[in-house]
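Colleague:
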Amino acid sequence: MRATLFLAGVASSAALASPAAGYADWLAERWPVERWRGDQRAPDGAGSASGMFERVVVSRPWRLCAVYPHLKDSYWLAVNFGMVEEARALGLGLHVLESAGYEHLERQRERVRACLADEGSDALLVGTVSYAGLNDLLAPEAARRPVLALVNDIDAGVVRGKVGVPWYQLGWKIGRWLAERHPAGSAGADIAWLPGPPDAGWVDFIDRGFRDAVAGSAVRIVAVRGGDTGRSIQRQLVEEVLDAHPRLDYLVGNAPMAEAAIAELRRRGREDEVGIVSSYVTPGVYSGLLRGRIRVSVSDFPVLQGRMAVRQALRALEGMEIEPHVGPGVELVDAATLKRFPAHWMLPPAGFVPVYEVAPTRP
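Next comes the structure, spelled out in structure tokens:
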């Protein structure tokens, strides 16, 4: 059984209802925090992370540089929202660069070089497109400034700490949900599995978790498709598998795929025949869950990951202890359970657009 630590006090109902809640409300909230080790929750659990996200007194106008894989989907937009809100609240500077997608490792290396060359940048937060593709750039920085992994996993030897969740858990939870509904000996369920970009490190983890969870069940993976998480690419992949497998029971995979599948199944008149399962939550997935068009998803609370990353970077800059790998809990959500969790832990507010620069305001 997983014991999750919730930090601070209880938020008001008004704070939980509004994605744009003020910082006083954020401080009053209880965040679900887990201490992770590898693919699993650390044996000593969440209790050892106590105090890691209490407010820290800022001694100077620190500047953070963050590099994202992209800002093409609302998952990373949610991370951006969390980081921007936290930086503004703490008076920190934040400079954001994006890498144009998971297939552009060299572009990301250029962005990382730019951050490292900026003498005004005090800490680097990297949402990597490759598990080991930045090692040669990051390893020499260990003694110069804090470098933290943001959301996506990376070689632990080249960063001070990681803020995120094991993507293995996201794959395992949706796989387990399917396996419990289609156990060995029952009527089989044919699924198409569309986890995301094949070269992205996070896809390997989510794929392994999913396959481990469905092993030995009556779930049959009859089609696998990989591709960038841009909406148009995912829609093409959905069309391909539906054309090739007319008796499919489920479309399972990344959130842009799930969003595209809603419209494509409706166009084909098959929305009541094929179930949709998403491996993470975006605004489109959130809406699809509420309307019953997406059966189930799993949330790793990307807005909280963004806020936690900024707080961890601040702790490191102020010479305080930080956890090797910490992040939110991972929760399975459906139409019945979604409202248990504040929407602003998962989603940016409607109309939010990417913010690339936050000026420091502390003296």
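FYI, in mature numbering (1 follows the signal peptide of the UniProt record, and there is no 0) the residues of the sequence shown are -17 to -1, 1 to 346. Positions of the beta carbon are idealized from the N, C-alpha and C atoms, including for glycine. This one's a predicted model, so the numbers in the text were calculated from it and none came from an experiment.
Which of the three DSSP states, helix, strand or coil, is assigned to Glu86?
Modeller: Numbered from 1 along the sequence shown, position 103 holds the residue referred to as residue 86. Coil at Glu86, not helix or strand.
Colleague: Around the Cβ of Asp27, are there at least 16 other Cβ atoms within 10 angstroms (buried) or fewer (exposed)?
Modeller: The residue given as residue 27 occupies position 44 in the sequence shown. Confidence at Asp27 is low in this model, with a pLDDT of 49, below 50, so the placement of that residue is unreliable and no value is reported for it.
Colleague: Check the C-beta distance from Gly110 over to Tyr51 and give it rounded, since I have them as a contact under 8 Å.
Modeller: Taking the sequence shown and counting its residues from 1, the one referred to as residue 110 is at position 127. Taking the sequence shown and counting its residues from 1, the one referred to as residue 51 is at position 68. Confirmed, Cβ separation roughly 5 Å.
Colleague: Is it true that the CB of Val293 sits closer than 8 Å to the CB of Ser280?
Modeller: Residue mapping note: residue 280 aligns to position 297 of the sequence shown, counting from 1. Residue mapping note: residue 293 aligns to position 310 of the sequence shown, counting from 1. No. Outside cutoff.
Colleague: For Leu248 and Ile259, what's the separation of their Cα atoms in angstroms?
Modeller: By 1-based counting over the sequence shown, the position of residue 248 is 265. By 1-based counting over the sequence shown, the position of residue 259 is 276. So the alpha carbons of these two residues sit roughly 10 Å apart.
Colleague: Going by beta-carbon coordinates alone, are residue 413 and Asp138 separated by less than 8 Å?
Modeller: The first residue shown for the chain is -17 and the last is 346, placing residue 413 beyond what the model contains.
Colleague: Out of Val67, Arg127, Gln288, point me to the one whose CA is closest to Val341's CA.
Modeller: Counting from one through the sequence shown, the residue named residue 341 turns up at place 358. It is Val67 whose Cα lies nearest to the Cα of Val341.
Colleague: Specify whether the segment 207 to 218 and the segment 169 to 178 touch according to this definition: at least 3 beta carbon pairs, one from each stretch, less than 8 Å apart.
Modeller: Output reads yes: the segment 169 to 178 touches the segment 207 to 218.
Colleague: Tell me the rounded alpha-carbon separation between Val130 and Val142.
Modeller: In the sequence shown, residue 130 corresponds to position 147, counting from 1. In the sequence shown, residue 142 corresponds to position 159, counting from 1. Each residue's Cα considered, the two are about 5 Å apart.
Colleague: Since Val309 contacts Trp19 with CB under 8 Å, what's their CB separation in whole angstroms?
Modeller: As a first step, residue 309 is located in the sequence shown; it is residue number 326 there, counting from the start. As a first step, residue 19 is located in the sequence shown; it is residue number 36 there, counting from the start. Confirmed, Cβ separation roughly 7 Å.
Colleague: Any chance you could list the beta strand (DSSP E) runs of at least 3 consecutive residues sitting entirely within the segment 160 to 247, in chain order?
Modeller: As far as the segment 160 to 247 is concerned, its whole beta strand (DSSP E) runs of at least 3 residues are 172 to 179, 202 to 209, 233 to 236.
Colleague: Opposite His327 in the DSSP bridges: which residues?
Modeller: What you label residue 327 is simply residue 344 of the sequence shown in a count that begins at 1. For His327, which the question treats as bridged, DSSP gives no partner whatsoever.
Colleague: Mind checking who residue 352 pairs with in its DSSP beta bridge?
Modeller: Shown here, the chain extends from -17 to 346; a query on residue 352 therefore has no answer.
Colleague: With a 10 Å radius around its C-beta and 16 neighbouring C-beta atoms as the bar for buried, classify Arg278 as buried or exposed.
Modeller: Your numbering for residue 278 matches position 295 in the sequence shown. The residue is buried, with at least 16 neighbouring Cβ atoms inside 10 Å.
Colleague: Taking Arg164 as the reference, which of Ser200, Glu89, Thr320, Ser57 has the closest Cα?
Modeller: Taking the first residue of the sequence shown as 1, we reach residue 164 at position 181. Per the Cα distances, Ser200.
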